[in-house]
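Engineer: I am attaching a structure below and will ask some questions about it afterwards.
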Amino acid sequence: MRLSPALAGQSTYPFVRLDEAKRRVAAQGVALVDFGMGDPREPTDERIQRALAEALPLTGGYPRAVGLPELREAVAAWCGRRFGVEVDPEREVIPTLGSKEAIFSFAQLLVDPEGGKDVVVVTEPGYPVPERGAAFARAEVVSLALSEKRGFLPDLDSVDDDTWRRAAVVWVNYPNNPTGATAPASFFERLAELAAEHEFVLASDEAYSELWFDEPPGSALQVRDTARVAVFNSLSKRSSMTGYRSGFVVGHEDVIAALRAFRPSAGTAPQEFVQRASVVAWEDEEHVEQNRALYARKRALLLEVLGRKGLRVAGSEATMYLWVASPDGEPSEAFAERLLEHGIVVAPGAYFGEAGEGYIRFALVPTEDECRRAVTILEDAL
Ligand SMILES: Cc1ncc(COP(=O)(O)O)c(C=O)c1O
């Protein structure tokens, strides 16, 4: 069977390899503490669960791609409270089935090789989905490295004008997975100026915007008057709701109009009972504060032992991740393998692209008790 070159050229999703390694070590009787994937394991707040259950009888029939007005209003109001921006729930918001599917398909809406828009810019190390989606849209992918010495921000001056001109979409992701770095407002301002000058869409993946420790990070929404901005956010990490699949895109009305035109064919409207539970989730901050406090406690436990053992933690200002430099230039897969033999599962930085080499990533998803057990293990293993 002939396959699309985009599918045939795709490497195995890295976490599939990690699962295989975990199975091998677990079969030898090693009890694992799993800091591998960023999938929160805390229970979803009971009020949200109840809202889902209560909405079940209300729903029959296909959900509409535009989403329920009450969800669009809850999202617009949340953006207003959180980022101080005024969002029109009618023209500037659309709900998504989690943010992954929307991130994956976004390039398909905008890439136009005949029209001279054939490039998608991504950052590396990074979440692989924007790049994979770009490949299926037959775009050329330009990958900008995030290096520790630049605070894990891409060097925008290294990109030539021709690339900017050809760019259909430029993706950024702050707070960043996997480095945990945040971006200053000036970074978004500069990118928005470039987006306006070269007519690309600034796509900002803000899935981790609510997992912060010192001060709440800003959003690309704050520069949306300058350029065509699309912000992707999600309840997955903020409210530990990965299984619900609920997110949104908020942005320029032209972008939302394009999504409204595309998404009915894709069949990716969230279920209405999920949308109704999502209204409750976006309207409440108390459970989010509890979530943040829990991550802060787990983070402190790990930071203490890593520091004492002389390991360097880079970035890691926000998100559920710790981005830790391998000791003495040890390759990231070898370091991760060494920890795995002791039962500590981490993701090697190389999984997130070549620029991730030299680091490993801890996702702070095990319970607090498991984190304490990990501290004891790391005491011996490091
Ligand atoms: C950077 C980033 N963006 C987006 C997502 C997608 O999350 P979801 O589809 O659950 O909203 C993830 C998930 O891990 C992520 O790490």
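Just so we're aligned: the sequence shown equals residues 1066 to 1447 in this note's numbering. Each residue gets a CB set at the ideal place from its N, CA and C atoms; glycine is no exception.
Go through the region 1300-1329 residue by residue and report every complete run of the beta strand (DSSP E) that reaches 3 residues or more, in order.
Structural biologist: Entirely contained in the region 1300-1329, the beta strand (DSSP E) runs reaching 3 residues are, in chain order, 1312-1316.
Engineer: Need the endpoints of the beta strand (DSSP E) that glutamate 1205 sits in, please.
Structural biologist: Here residue 1205 refers to the residue found at position 140 of the sequence shown. For glutamate 1205, the enclosing beta strand (DSSP E) stretches over residues 1205-1210.
Engineer: Could you give the DSSP three-state label for lysine 1374: helix, strand or coil?
Structural biologist: On the sequence shown, position 309 is the one that residue 1374 refers to. Three-state result, lysine 1374: coil.
Engineer: Go ahead and label proline 1031 buried or exposed: buried means 16 or more other beta carbons lie within 10 angstroms of its beta carbon, across all protein chains shown.
Structural biologist: With the chain running from 1066 to 1447 in the structure shown, residue 1031 is simply not present.
Engineer: Using the C-alpha atoms, what's the distance from phenylalanine 1080 back to alanine 1285?
Structural biologist: As a first step, residue 1285 must be located in the sequence shown, where it is residue number 220. As a first step, residue 1080 must be located in the sequence shown, where it is residue number 15. Whole-angstrom Cα-Cα distance: 29 Å.
Engineer: What's the C-alpha gap between alanine 1420 and aspartate 1434?
Structural biologist: Looking up residue 1420 in the sequence shown gives position 355. Looking up residue 1434 in the sequence shown gives position 369. Whole-angstrom Cα-Cα distance: 33 Å.
Engineer: Could you give the first and the last residue of the continuous beta strand (DSSP E) run that contains glycine 1269?
Structural biologist: As a working mapping, residue 1269 is identified with position 204 in the sequence shown. Contrary to the premise, residue 1269 reads as serine rather than glycine in this sequence. Residues 1266-1270.
Engineer: Shorter than 7 Å, the distance from the beta carbon of tyrosine 1192 to the closest heavy atom of ligand 1, or not?
Structural biologist: Numbered from 1 along the sequence shown, position 127 holds the residue referred to as residue 1192. Judged by the Cβ position, tyrosine 1192 qualifies as a neighbour of ligand 1 at the 7 Å threshold, a heavy atom of the ligand being closer than this.
Engineer: By how many angstroms is the C-alpha of leucine 1162 removed from the C-alpha of threonine 1307?
Structural biologist: Position 242 of the sequence shown, counting from 1, holds the residue named residue 1307. Position 97 of the sequence shown, counting from 1, holds the residue named residue 1162. Distance between the alpha carbons of threonine 1307 and leucine 1162: 10 Å.
Engineer: CA-CA distance, isoleucine 1409 and aspartate 1099?
Structural biologist: For the purposes of this step, residue 1409 is identified with residue 344 of the sequence shown, where counting begins at 1. For the purposes of this step, residue 1099 is identified with residue 34 of the sequence shown, where counting begins at 1. Their backbone Cα atoms lie some 6 Å apart in a straight line.
Engineer: Of the choices Leu1371, Thr1333 and Glu1275, whose alpha-carbon is the least far from that of arginine 1146?
Structural biologist: To locate residue 1146, count along the sequence shown from 1; it is residue 81. Taking only the C-alpha atoms, the option nearest arginine 1146 is Glu1275.
Engineer: With a cut-off of 8 Å, do at least 3 Cβ pairs link the region 1190-1205 to the region 1225-1241?
Structural biologist: yes
Engineer: Helix, strand or coil for threonine 1124? Go by DSSP, reduced to three states.
Structural biologist: The residue labelled residue 1124 in the question sits at position 59 within the sequence shown. Here threonine 1124 sits in coil by DSSP.
Engineer: Rank Gly1316, Ile1159, Ala1439 and Glu1179 by C-alpha distance to the C-alpha of threonine 1333 and give the top, closest one.
Structural biologist: Residue 1333 sits at position 268 when you count from the first residue of the sequence shown. The shortest C-alpha separation from threonine 1333 is found at Ile1159.
Engineer: Check whether the region 1353-1364 touches the region 1120-1140, counting contact only when three or more Cβ pairs, one atom from each stretch, lie closer than 8 Å.
Structural biologist: no
Engineer: For the alpha helix (DSSP H) that leucine 1429 lies in, which residues bound it at each end?
Structural biologist: On the sequence shown, residue 1429 is found 364 positions in, with the first residue counted as 1. Note, leucine 1429: premise wrong, no alpha helix (DSSP H); not H, not E.
Engineer: Tell me which same chain residues have a C-beta within less than 8 Å of the C-beta of glycine 1045, skipping the five on either side of it?
Structural biologist: Residue 1045 falls outside the range modelled here, since the chain spans only 1066 to 1447, and no answer is possible.
Engineer: CA-CA distance, aspartate 1177 and aspartate 1183?
Structural biologist: Locating residue 1177 in the sequence shown gives position 112, where the first residue counts as 1. Locating residue 1183 in the sequence shown gives position 118, where the first residue counts as 1. Cα-Cα distance, rounded: 6 Å.
Engineer: Under a Cβ-count criterion, where at least 16 other Cβ atoms within 10 Å of its own Cβ denotes burial, should tyrosine 1078 be classed as buried or exposed?
Structural biologist: Counting from 1 along the sequence shown, the entry for residue 1078 is found at position 13. Exposed.
Engineer: Does alanine 1118 pass the burial test, meaning 16 or more other C-beta atoms within 10 Å, or should it be called exposed?
Structural biologist: As a working note, residue 1118 is residue 53 in the sequence shown. Alanine 1118 is exposed by the Cβ-count criterion.
Engineer: How about the region 1260-1277 and the region 1292-1301: do they share at least three Cβ pairs that are nearer than 8 Å?
Structural biologist: yes
Engineer: Taking C-alpha atoms, which residue in Ala1142, Gln1355, Glu1354 and Leu1387 lies nearest to glutamate 1369?
Structural biologist: Within the sequence shown, numbered from 1, the residue matching residue 1369 stands at position 304. If we check each option's Cα against that of glutamate 1369, Leu1387 comes out closest.
Engineer: By Cβ distance below 6 Å, which residues in the same chain neighbour aspartate 1110 in space, the five residues on each side in sequence not counted?
Structural biologist: Counting from one through the sequence shown, the residue named residue 1110 turns up at place 45. Annotation for aspartate 1110: His1352 place their beta carbon closer than 6 Å to its own, counting only its chain and skipping 5 residues before and after.
Engineer: Where aspartate 1393 and arginine 1403 are concerned, what is the direct C-alpha to C-alpha distance, given to the nearest angstrom?
Structural biologist: For the purposes of this step, residue 1393 is identified with residue 328 of the sequence shown, where counting begins at 1. For the purposes of this step, residue 1403 is identified with residue 338 of the sequence shown, where counting begins at 1. Using only the alpha carbons, I get a separation of about 14 Å.
Engineer: When we look at the beta-carbon of proline 1413 and count the other beta-carbons within 10 Å, is it buried (16 or more) or exposed?
Structural biologist: Within the sequence shown, numbered from 1, the residue matching residue 1413 stands at position 348. Buried.
Engineer: From this set, Val1235, Lys1374 and Val1237, which residue's C-alpha is nearest valine 1440's C-alpha?
Structural biologist: As a working note, residue 1440 is residue 375 in the sequence shown. Looking at the Cα atoms, Lys1374 is the closest of the given residues.
Engineer: Which full runs of the beta strand (DSSP E) of 3+ residues lie inside the region 1110-1169, going along the chain?
Structural biologist: Segments of the beta strand (DSSP E) lying fully in the region 1110-1169: 1158-1161.
Engineer: Judging by CA-CA distance, which residue of Val1206, Thr1228 and Val1186 is the nearest neighbour of tryptophan 1236?
Structural biologist: One-based indexing of the sequence shown puts residue 1236 at position 171. Nearest of Val1206, Thr1228 and Val1186 to tryptophan 1236, Cα basis: Val1186.
Engineer: Can you give the Cα-Cα distance for arginine 1364 and lysine 1165, rounded to whole angstroms?
Structural biologist: Residue mapping note: residue 1364 aligns to position 299 of the sequence shown, counting from 1. Residue mapping note: residue 1165 aligns to position 100 of the sequence shown, counting from 1. Whole-angstrom Cα-Cα distance: 26 Å.
Engineer: Within the same chain, show all residues whose beta-carbon is closer than 6 Å to that of cysteine 1436, passing over the 5 residues directly before and after it, in chain order.
Structural biologist: Position 371 of the sequence shown, counted from the start, is the residue given in the question as residue 1436. Cβ within range, chain order: Lys1363 and Leu1366.
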